[in-house]
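Note that numbering that gives the first Met the number 0 has the sequence shown beginning at 0, numbered continuously upward.
Idealized CB from N, CA, C, for every residue including glycine.
As the structure is a prediction and not an experimental result, all values here were calculated from the model.
Data block below; observations after.
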Amino acid sequence: MPIEKSIKKNYDLTALTTFKIGGRADFFVIAKNKQELIEAISWAKIKKLPIRFFAGGSNILITKKKIRGLVIKISGEEYSVKGDIISAWAGTGLSKLAGIAVGLGLSGLEWALGIPGSVGGAVRGNAGAYGSDMSKQVAEVEAYDISKGRLVKFKNCGCGFSYRHSIFKQNRNLFIVNVKLKLSRGQTAGIKNLVKNNLFNRRRTNPQKPSAGCIFKNLEYTKLIKENRQLAEDLAVKGLFKGGKIGAGYFIDQLGLKGRARGGAKISERHANFIVNTGKASAEDIIDLINLIKKKVNSQYKINLEEEIEYFAS
Ligand SMILES: Cc1cc2nc3c(=O)[nH]c(=O)nc-3n(C[C@H](O)[C@H](O)[C@H](O)COP(=O)(O)OP(=O)(O)OC[C@H]3O[C@@H](n4cnc5c(N)ncnc54)[C@H](O)[C@@H]3O)c2cc1C
């Protein structure tokens with residue numbers, strides 16, 4: 000079926016984000032594979048429409064009531080396993096792939112069970128947890144260069160990975176279509192044990208209400224020391240850096256901001272770096288809380304928190 004027939008007009012995106020906060024897209028389509036994605040992009044290019052993407056919608060805050068142009072949601076599931084390599088279409092769920100790896104006795108994605116969203120989204124933002132991240136497992140990424148209209152392959156060293164960052168975040172013309180992950184053979188019992196512990200921790204710390212995960216990036220010692228040397232050294236003496244980072248939630252918690260609410264949004268009592276939608280939160284409610292946190296943290300600690308979530312607007 001030509002992609003044109005699947006394009007919907009004035010489409011409400013609310014239900015498609017984990018925050019359950021949305022806006023209406025002028026045009027909307029779901030792409031379940033590379034071909035559908037490229038067709039959708041071509042359709043928008045011919046019509047000279049702006050193009051926006053998301054996949055699992057688990058790391059975005061839609062800030063506009065009206066989103067101009069075509070919004071493409073990446074979805075579906077397509078993967079293959081050869082030895083210790085998993086190759087997957089970008090829309091495939093990260094947690095799904097982690098589950099498959101565990102089942103096959105492949106080690107490397109034990110940290111990823113329970114993280115919502117797609118493997119493509121995870122590579123773009125170099126998602127991670129429990130001291131690991133995507134950069135450690137990515138062997139190759141295939142991306143569609145929207146401006147040039149062609150597919151390009153990147154080896155791990157060409158992806159520009161750093162903490163919650165990659166070149167795909169920097170260059171919005173590069174859309175990840177396929178990801179090859181290199182895992183390693185492990186002891187099934189050890190892998191399962193690690194997964195059990197990680198999942199236990201995740202359930203204990205992550206709030207149940209709709210959210211987009213951690214709002215702010217954790218703070219790296221090497222960056223913090225440039226902003227506030229005394230603070231960085233004091234926190235290091237207290238042993239608060241883990242893997243060279245301290246959670247942004249630490250500062251929010253210290254300021255007694257847990258439970259602070261604006262409209263339908265609330266700073267989680269369970270995890271200070273989560274803002275939850277308690278029912279009818281608007282994007283403005285969330286942004287108000289984000290600004291409040293940034294202001295208070297800056298005024299008390301003389302440091303700047305940086306958003307991990309992405310603002311999705313047109
Ligand atoms: C309860 C909860 C727990 C979470 N825990 C963690 C955690 O432990 N660690 C962690 O790192 N994150 C965590 N997150 C955040 C989120 O799940 C991850 O960042 C996830 O990898 C985002 O993937 P997504 O498909 O949902 O991306 P989306 O939210 O759909 O998109 C995010 C951005 O990536 C872009 N994008 C999406 N797919 C592609 C692609 N194929 N190519 C190029 N750009 C693309 C979009 O345009 C958008 O700008 C959590 C979120 C929630 C709600």
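Identify the residues that DSSP records as bridge partners of residue i: which are they?
i                : result
histidine 164    : Ser161
tyrosine 314     : Because residue 314 is not part of the residues shown, which for the chain are 0 to 313, the question remains open.
lysine 244       : Glu219 and Lys241
serine 57        : Serine 57 is not bridged to any residue.
arginine 51      : Val70
phenylalanine 27 : Lys7 and Val70
tryptophan 88    : Asn177
valine 137       : Leu180
asparagine 276   : Ala264
leucine 288      : According to DSSP, which records beta bridges pairwise, leucine 288 is partnered with nothing at all.
aspartate 132    : Gly127
glutamate 309    : Ile59
valine 80        : Ile85
serine 117       : Gly92
leucine 105      : Arg184
lysine 65        : Arg23
Please classify residue i as buried or exposed, where buried requires at least 16 neighbouring CB atoms within 10 angstroms.
i             : result
lysine 265    : buried
glycine 124   : buried
glycine 82    : exposed
glutamate 109 : buried
cysteine 156  : exposed
arginine 163  : buried
threonine 221 : exposed
alanine 14    : exposed
serine 106    : buried
valine 236    : exposed
threonine 204 : exposed
glutamate 376 : Because residue 376 is not part of the residues shown, which for the chain are 0 to 313, the question remains open.
valine 51     : According to the sequence displayed, residue 51 carries arginine and not valine. It counts as buried.
serine 57     : buried
arginine 261  : buried
serine 161    : exposed
isoleucine 45 : exposed
glycine 314   : In the structure as shown, the chain starts at 0 and stops at 313, and residue 314 therefore has no counterpart that could be examined.
alanine 188   : exposed
glycine 119   : buried
Can residue i be considered in contact with ligand 1, in the sense that its beta carbon sits closer than 6 Å to one or more heavy atoms?
i                 : result
phenylalanine 199 : no
serine 131        : no
threonine 221     : no
glycine 120       : yes
proline 49        : no
isoleucine 166    : no
threonine 62      : no
arginine 259      : no
asparagine 172    : no
serine 86         : no
threonine 17      : yes
proline 1         : no
asparagine 177    : no
glycine 21        : no
glutamate 306     : no
arginine 269      : no
glycine 148       : no
alanine 314       : The displayed coordinates of the chain run from 0 to 313. Any statement about residue 314 would go beyond what the structure contains.
isoleucine 114    : yes
asparagine 297    : no
glycine 242       : no
isoleucine 59     : yes
glycine 104       : no
glycine 212       : yes
glycine 56        : yes
asparagine 303    : no
phenylalanine 153 : no
My guess is that residue i and residue j are in contact by the Cβ rule of under 8 Å, so how many angstroms apart are they, rounded?
i              : j              : result
alanine 54     : isoleucine 73  : 4 Å
asparagine 272 : isoleucine 251 : 6 Å
leucine 112    : glycine 98     : 6 Å
alanine 30     : leucine 36     : 4 Å
isoleucine 85  : glutamate 38   : Rounded, the Cβ-Cβ distance is 26 Å, inconsistent with contact.
alanine 121    : valine 176     : About 14 Å separates the two Cβ atoms, so there is no contact after all.
aspartate 284  : glycine 263    : 6 Å
proline 49     : glycine 68     : 3 Å
Say yes only if the C-beta of residue i is nearer than 6 Å to one or more non-hydrogen atoms of ligand 3, and no if none qualify.
i          : result
serine 117 : No copy of ligand 3 occurs in the structure displayed; its ligands are ligand 1 alone.
request  = May I ask you to verify whether the region 168–181 touches the region 131–139, counting CB pairs closer than 8 Å and requiring at least 3?
outcome  = yes
query = Would you call the region 193–202 and the region 215–234 in contact, with 3 or more CB pairs under 8 Å?
reply = no
inquiry  = Tell me whether the region 165–173 and the region 75–94 touch, counting them as touching only if at least three CB pairs, one residue from each stretch, are closer than 8 Å.
reply    = no
query = Okay, do the region 235–243 and the region 215–224 touch, 3+ Cβ pairs below 8 Å being the bar?
reply = yes
query = Is it true that the region 202–209 meets the region 298–312, where meeting means three or more beta-carbon pairs spaced less than 8 Å apart?
reply = no
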